[in-house]
Structure formats: C-alpha cells, structure tokens
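>
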Amino acid sequence: MPQVEVDGRTLALSNLEKVLYPAAGFTKGQVIDYYARIAPVMLPHLEGRPITLKRYPNGVDDKFFYEKNCPQHRPEWMRTLPVEAKGWNSRAQKGTIIQYCLIDEPAALVWTANMAALELHPGLQLEDDLSRPTYVVFDLDPGAPADVVQCAQVALWIRELFDHLGLQSVIKTSGSKGLQLYLPLNTPATFEDTSGFSQAVAQLLEKQHPKDVVSVQTKEKRTGKVLVDWYQNTDFKTTVAVYSLRARERPTVSTPLTWDEVETVHKEGDASLVVFEAEDTLARVQEHGDLFAPLVELEQALPKLG
40 MPQVEVDGRT
50 LALSNLEKVL
60 YPAAGFTKGQ
70 VIDYYARIAP
80 VMLPHLEGRP
90 ITLKRYPNGV
100 DDKFFYEKNC
110 PQHRPEWMRT
120 LPVEAKGWNS
130 RAQKGTIIQY
140 CLIDEPAALV
150 WTANMAALEL
160 HPGLQLEDDL
170 SRPTYVVFDL
180 DPGAPADVVQ
190 CAQVALWIRE
200 LFDHLGLQSV
210 IKTSGSKGLQ
220 LYLPLNTPAT
230 FEDTSGFSQA
240 VAQLLEKQHP
250 KDVVSVQTKE
260 KRTGKVLVDW
270 YQNTDFKTTV
280 AVYSLRARER
290 PTVSTPLTWD
300 EVETVHKEGD
310 ASLVVFEAED
320 TLARVQEHGD
330 LFAPLVELEQ
340 ALPKLG
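In structure tokens form, the structure reads like this:
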C-alpha cells in the first residue's frame with residue numbers, strides 16, 4: 040500500500056488504479072490527485088464546518104452512502120466536531136451526538152478522497168457558533184425541459200435584486216444540472232433570519248415570473264421551471280461544496296463562475312459553456328484564483344425585506 044507525505048502527515052493510499060468514473064476512465068488516484076491540487080482554494084470553504092461525506096466505494100455507477108459520523112478508523116490527528124442531533128439529522132435519535140469530520144488541512148482532504156468520498160457537503164455554519172449561518176444559499180434546480188440556461192436567467196434576476204439592495208453575490212455550477220447562488224454574510228444572523236429572507240426572495244421571484252420560477256418543491260409544479268430552493272437555509276441542511284467533484288457520468292466539478300459567464304450562457308443559450316471537469320477547474324483556478332473568496336471574506340448584513 041503506497042504511502043505519501045502531505046504537509047508532514049503520512050497517509051497510506053489504496054486501490055489507486057480503481058476506476059471510479061467508468062465512462063471517463065477516471066481513477067481513484069486521479070480523484071486523490073485532484074483534491075490534493077485543489078486544496079489551497081477549497082480548504083477555506085471547508086475549514087471549521089461539519090462535513091457530510093458522500094462515498095462511492097465502487098464508483099459512480101454503484102451504490103453510495105452518506106456518512107455524517109466521521110469514520111472511526113480516521114487518523115488520530117483528524118479533528119471532529121460533536122453536534123447534538125436536533126434539526127441536524129432527523130434520522131438520528133434526539134440527543135445523539137454526531138461526530139462530523141472537520142476538513143481543515145490538505146492531509147484531511149486527501150484522506151477523505153482515499154475513502155472514495157467523491158462529494159463533500161459542508162454545513163452553513165462554523166464550529167464556533169453552530170446557530171449562526173455565514174451565508175445564504177439559493178439552489179437553482181431546473182425542472183425538465185428547463186436547464187442551466189433558464190437557471191442563468193433566474194440567477195441574473197436574483198443578482199439584480201441584490202444589486203438594488205447593495206449586496207454582492209457569488210455563483211457556481213452545481214456540477215450537475217443547475218446553478219447555486221450564494222449571498223455572503225459573515226455577520227450575525229440566525230437560521231430563522233436566513234430562511235425567512237430566502238423564502239421571501241423565492242416567493243417574490245415566483246410572483247414576478249410565474250412562468251419561469253417556482254418556490255415550492257412539488258414535482259408537478261416544476262415542469263419547465265426553475266425551483267429557487269430556499270429550503271437549504273436550515274441548520275440541518277448541506278449544499279455540495281464549491282470545488283467538490285460530483286458523482287456524474289464524468290468527473291464534473293461544482294465550479295465558481297464569473298457573472299459575465301452567467302450572462303453569456305443566458306445570451307447564447309448554451310448549457311455546455313458551464314460544464315467543467317476536474318482539469319478544467321484546476322486550470323480556471325490558475326487563471327482566476329478563487330472566485331468564491333468573498334464567501335469567506337466579505338461581511339454583509341442581512342437586509343430586511345418588506
């Protein structure tokens with residue numbers, strides 16, 4: 040079993056030639072290599088947050104499972120975050136302590152990659168105050184035949200609203216079907232505040248654009264529309280991390296976008312313009328740096344709507 044040194048940590052790696060993305064021939068070794076290389080920009084978005092692992096031990100075409108409790112055979116140096124099960128995990132008995140993984144150094148990210156945790160899903164809060172979200176997220180999820188082009192239009196409407204409120208937002212691909220727009224806060228706010236705000240935004244958009252937007256998750260209402268999913272803004276929800284791989288046919292990545300790119304997708308009607316795989320995303324970081332840096336750096340107060 041090969042061993043590697045990552046910032047002074049010795050890690051044993053396994054099954055590096057195992058293909059986890061059969062359609063692309065993308066191996067476990069390549070998954071680990073991607074996470075090792077993306078770590079400098081990804082870690083600031085994971086540090087101090089409870090992380091749910093989505094593991095695919097036999098690749099994306101086989102069974103997967105979510106793992107909230109950090110595996111017991113984790114390295115002794117890997118930190119965990121104890122969280123009492125309340126809203127966080129409705130399947131756990133109230134009062135149960137969940138030990139979430141904390142991924143706050145490159146070796147921890149490499150270790151989870153070696154566990155075939157293809158997707159990483161962080162909470163919206165930090166370990167120093169689990170009652171306080173640091174951002175608001177809007178998951179823009181298209182109902183077929185709508186696609187990411189329609190999501191781009193909805194994202195631009197939300198940005199226009201935030202511009203009017205004097206707020207800066209950032210956006211990324213989901214790495215799957217849609218887009219995810221974030222409003223950085225990093226100022227005092229409760230989940231009640233952010234949930235109410237996001238619901239109000241979603242309902243306002245639905246009222247203004249009823250043919251294009253829906254704010255409820257009822258399947259029959261979503262055909263050809265974009266769901267502005269505000270339900271993510273609760274203390275027990277997670278959203279896939281920026282720079283995380285996705286368990287799709289190919290190794291696509293949840294990748295930050297510029298707003299110019301969002302406008303171009305909408306104008307040209309070409310969803311393929313914002314599909315990025317692992318090497319694409321690494322190249323984009325070389326060109327743009329971390330387009331999501333405002334999510335951890337920018338301080339904005341949550342406005343009152345109405």
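In terms of my numbering, the sequence shown is residues 40 to 345.
Even glycine gets a Cβ: it sits at the ideal position worked out from N, Cα and C.
1) Quick check on this structure: which residue in V253, Q219, Y282 has the alpha carbon closest to the alpha carbon of E318?
2) Do S237 and W196 count as a contact pair if the criterion is CB distance below 7 Å?
3) Quick one: what's I90 bridged to in DSSP?
4) For P96, which of helix, strand or coil comes out of DSSP?
5) Check whether the Cβ atoms of V209 and F331 sit closer than 7 Å, and answer yes or no.
6) What are the partner residues of Y174, as DSSP defines its beta bridges?
7) Would you list, in sequence order, the uninterrupted alpha helix (DSSP H) runs of no fewer than 4 residues that lie entirely inside the region 273-311?
8) Within 7 Å of any Cβ in chain B, is that where the Cβ of C190 sits?
9) Should F65 be labelled buried (16 or more other beta-carbon atoms within 10 Å of its own) or exposed?
10) Using CA atoms only, rank isn't needed, just tell me which of P61, P79, M40, V188 is closest to E307.
11) Relative to the C-alpha of Y73, which candidate in K276, P41, R285 has its C-alpha closest?
12) Report the partner residues of T66 according to the DSSP bridge assignment.
13) In this structure, does DSSP put P121 in helix, strand or coil?
14) Helix or strand or just coil, what does DSSP make of R76?
15) Starting from F104, trace the beta strand (DSSP E) in both directions and tell me its first and last residue.
16) Quick one: give me the first and last residue of the beta strand (DSSP E) that W101 is part of.
On the basis of the coordinates in this document:
1) Y282
2) no
3) C140, P161
4) coil
5) yes
6) P223
7) 298-307
8) Going by chain labels, chain B is absent from the structure shown, which holds only one protein chain.
9) buried
10) V188
11) R285
12) V58
13) strand
14) helix
15) 104-106
16) According to the sequence shown, residue 101 is Asp rather than Trp. First-last for D101: undefined, no H or E at that position.
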